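Protein chains in written order, with my numbering: chain A, 1 to 548; chain B, 1 to 103; chain C, 1 to 112; chain D, 1 to 139. Note that the Cβ used here is the ideal one computed from N, Cα and C, for glycine as well. This one's a predicted model, so the numbers in the text were calculated from it and none came from an experiment. I have placed the structure first, in the form of structure tokens, so that the comments after it can refer back to it.
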């Protein structure tokens, strides 16, 4: 019985989406059917809790759709990796959907696209078949194109179009990879790829196979946004509606990262790990530098998403079992605090109608709950104990012990602190200037509840970081973890102080006039679609060349 | 356009390299028959009852792909209708999103 | 030889996407690249036989699997093109131009 | 759109055959080349030919907007329900519930037929509704 639960994880948001579609068509039912649609997210939560038991014991749950056995039909597969990406999607989607219910303006049509995106993400996480992963990616993509441009602003439409062109080019290379796999291995289901490859002597034996791996990784890489493919993310996240930026940064780029990790592990592409580690480290550093120079609050957060994703990629590149757990725990923690940051800053933007960091009046007194939640998120991302950022960054330091790329990540961490000191000023308790009520309405009670809940979650996953890490290790590897370093040891706690001091110093440096002139030049580096596509092709060639 | 020359040359070089990438992947011998295809062709129609084997596959064996595809179509049609707003209504004031809700 | 031709079609599509400034032409480029990929699958399917894979036709049948996959890829391509063209339509209403460069400059200036 | 008599006459004569051919593609999709999507698109092109030639008001009386959008959403809901029927009959989601039934009485392919017709109706309604909606906007 438990394996048919897998279908309900995917079907529930789908039915919820159809319900909200009917809500859109039948005007009077708009609100109730939107609530029904969002309520459908409760089913995946329950199903995932029930399915946790087999995953913990190391067994992967398989469900053959339509009863057809694996190589001929499609199977839904739930193992440690897909359980985590489903859990992550559910938490963020539930938070964002509840937050969106708070705003009267989002009608049932909005929830139709949001729930279809969630169903697509479940499809990507659960599928055991390469071509179904392509279809699920397209379901997510089509819904995201509409949602990015939902408010019809010119910048939203331009950002959506730019993302569409880039990700469709990427997905075409993904299809090229699927073709190579079908041609040489004759099979489409992911789990049989590793067997087929062993039979033919590993991924490096035939040139077609590692080019297939390169095109598959590049096709998905466009959706995760590390260095060569990150150029779409700042516009898409900055100009999308606030809850959509939260779910994009929180869940979508990570589900794509997990899918890429699954394919790399299945292909046995260990030769890529070195490249990914360096790409991750460089992404983290470059993105945080451009984040530090931003004046638009949402672009600043968008660049931070890229930088934190660089962390996850770098630690995955380190390759050990502990490193994989560190990458996943950072992904979970990042999903929590980044969506929290996007929701709180989004509320500030819609309340004051201003996007520029320096023009938003201090809202500390005006939105007390939001400010408290914002500072919980800001402290988490800066890696300050006892919040969850500190726990997962401690794991990352342990996972990347002795790897040459770690200094880059260390520099990134204190630059992150600097940029959040800079961003923190909009939520300081300051005098309540009159310009505040120019924007949209006050955030409702439901929205405050969601934001505070996310803040508490950030704190909770931080305090219980040790048990979280052990649990994630068991989910991922099925066996009890041999050695999880003590996260809250004295040495680590003290290690935060120099980083905080350097962060403050960096903030001082940026606010000097040389700093602001430099920032203005970095800000102007918005690459156009042409250079974006150029970056994409260079990334493709890098992934292909690394095997020679 | 600043650096137009440079980006143009770069793009040509990159596209030529991509062409090499594609040809390198495509040439070389590749096994003709795949075990999966053999099975599907032999008892495709017996198991699903459809004589047209393509329909047997995309509605029988891989019906989930088709469901995903109908979802993509449904989302795209609803998206196009959402965006096909007549001119003049809903052009943006950059920051205050006062767009009225659409039918 | 045919593989090279199919690659050429795919590259013509990519060339259209990267080099053309007109937004509609970029969408056309995407569509050409999409049909290049579809041709790749269907051509590979036809290597084992060229008659339509209907049960009972004695002659060597084409491989039904790539054709079934490409049915999905075609519909997905159509949907993405439809959305792209609607976005271009709205951008044209807003900026009065189809040139991607000027649209981005406009969007960027509007933002600051 | 200036209505010329040639266009008017031909479209009124041709459209029924296109709709018929679309329905043929749907219902014989599992025996001869055809299927849900192809049939649906042919039906949509029949409807679009009608409203291009006859103008949107005339066709809107024949294919009203509201019913087309409800048909599209309803057909999709029925498709998911058909998938669930497979699940309920123990053949797994999107499986064939009729597999167990005595084959002579109900041909096994009838489930494929149900899928084909549902997908065809959804695609036909969706695409014709989209084009009519876009067409109506421009006037």
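Cutoff 6 Å; reference residue i; Cβ partners in own chain excluding five residues on either side
i	result
residue 540 of chain A	218
residue 380 of chain A	337, 387, 388, 389 and 458
residue 179 of chain A	none
residue 145 of chain A	160 and 164
residue 51 of chain C	57, 59 and 61
residue 315 of chain A	323, 326, 327, 396, 399 and 400
residue 236 of chain A	148, 159 and 163
Coil, strand or helix - residue i by DSSP
i	result
residue 77 of chain A	strand
residue 89 of chain C	helix
residue 127 of chain A	strand
residue 61 of chain C	strand
residue 106 of chain A	coil
residue 153 of chain A	coil
residue 52 of chain B	strand
residue 206 of chain A	coil
residue 63 of chain A	strand
residue 184 of chain A	helix
residue 54 of chain C	strand
residue 546 of chain A	coil
residue 10 of chain D	helix
residue 401 of chain A	coil
residue 224 of chain A	helix
residue 270 of chain A	coil
residue 30 of chain D	coil
residue 256 of chain A	helix
residue 68 of chain A	coil
residue 27 of chain B	coil
Neighbouring residues, chain B, relative to residue i (Cβ below 7 Å)
i	result
residue 133 of chain D	81 and 84
residue 76 of chain D	70 and 74
residue 55 of chain C	45, 51 and 53
Close-in-space but distant-in-sequence residues of the same chain around residue i (CB under 7 Å, 5 per side omitted)
i	result
residue 529 of chain A	162 and 165
residue 43 of chain C	2 and 6
residue 22 of chain C	98 and 99
residue 88 of chain B	Bear in mind that the predicted position of residue 88 of chain B carries a pLDDT of just 44, short of 50, making it unreliable; the figure below should be weighed with that in mind. Closer than 7 Å at Cβ, skipping near neighbours: no residue.
residue 47 of chain A	5, 8 and 9
residue 98 of chain A	38, 446 and 450
residue 33 of chain A	19, 20, 22, 23 and 108
residue 11 of chain A	none
residue 17 of chain A	37, 112, 115, 116 and 119
DSSP beta-bridge partners of residue i
i	result
residue 22 of chain C	C:99
residue 167 of chain A	BP columns for residue 167 of chain A are empty, so no partner.
residue 189 of chain A	A:129
residue 356 of chain A	A:296
Anticipated Cβ contact below 8 Å, residue i with residue j, distance rounded
i	j	result
residue 121 of chain D	residue 77 of chain D	That belief does not hold up - the Cβ atoms of residue 121 of chain D and residue 77 of chain D are roughly 12 Å apart, past 8 Å.
residue 112 of chain D	residue 37 of chain D	At roughly 14 Å, the Cβ-Cβ gap does not stay under 8 Å, so residue 112 of chain D and residue 37 of chain D are not in contact.
residue 56 of chain B	residue 50 of chain B	4 Å
residue 418 of chain A	residue 503 of chain A	5 Å
residue 93 of chain C	residue 149 of chain A	Residue 93 of chain C to residue 149 of chain A, Cβ: 13 Å. No contact.
residue 244 of chain A	residue 174 of chain A	Not quite, the Cβ-Cβ distance comes to about 23 Å (not below 8 Å), so this is no contact.
residue 478 of chain A	residue 57 of chain A	7 Å
Partner residues on chain D for residue i, Cβ-Cβ distance less than 7 Å
i	result
residue 52 of chain C	33
Within chain B, partners of residue i - CB distance below 9 Å
i	result
residue 72 of chain C	58, 62, 65, 66, 68, 69 and 72
residue 61 of chain C	41 and 53
residue 113 of chain A	75, 78, 79 and 82
Neighbour list for residue i in chain A, Cβ cutoff strictly below 7 Å
i	result
residue 42 of chain B	The contacting residues do not exist; residue 42 of chain B stays about 11 Å from chain A at best.
residue 26 of chain C	165
residue 36 of chain D	Near residue 36 of chain D there are no residues of chain A at all, since even the closest Cβ is about 15 Å away, more than 7 Å.
Contacts that residue i makes with chain C (C-beta to C-beta distance below 8 Å)
i	result
residue 135 of chain A	72 and 76
Interface residues of chain D facing residue i [CB-CB closer than 9 Å]
i	result
residue 18 of chain A	73, 76, 77 and 80
Partners in chain A for residue i, counting only beta-carbon separations shorter than 8 Å
i	result
residue 36 of chain B	71, 72, 186, 187 and 188
residue 25 of chain B	176, 180, 207, 208, 211, 212 and 215
Interface residues of chain D facing residue i [CB-CB closer than 8 Å]
i	result
residue 550 of chain A	This structure gives no information on residue 550 of chain A, because the portion of chain A shown stretches from 1 to 548.
Residues near residue i in its chain [Cβ-Cβ closer than 8 Å; skip 5 each side]
i	result
residue 496 of chain A	383, 384, 385 and 390
residue 14 of chain C	29 and 33
Proximal chain B residues relative to residue i, where beta-carbon distance stays under 8 Å
i	result
residue 86 of chain C	79, 80, 83 and 84
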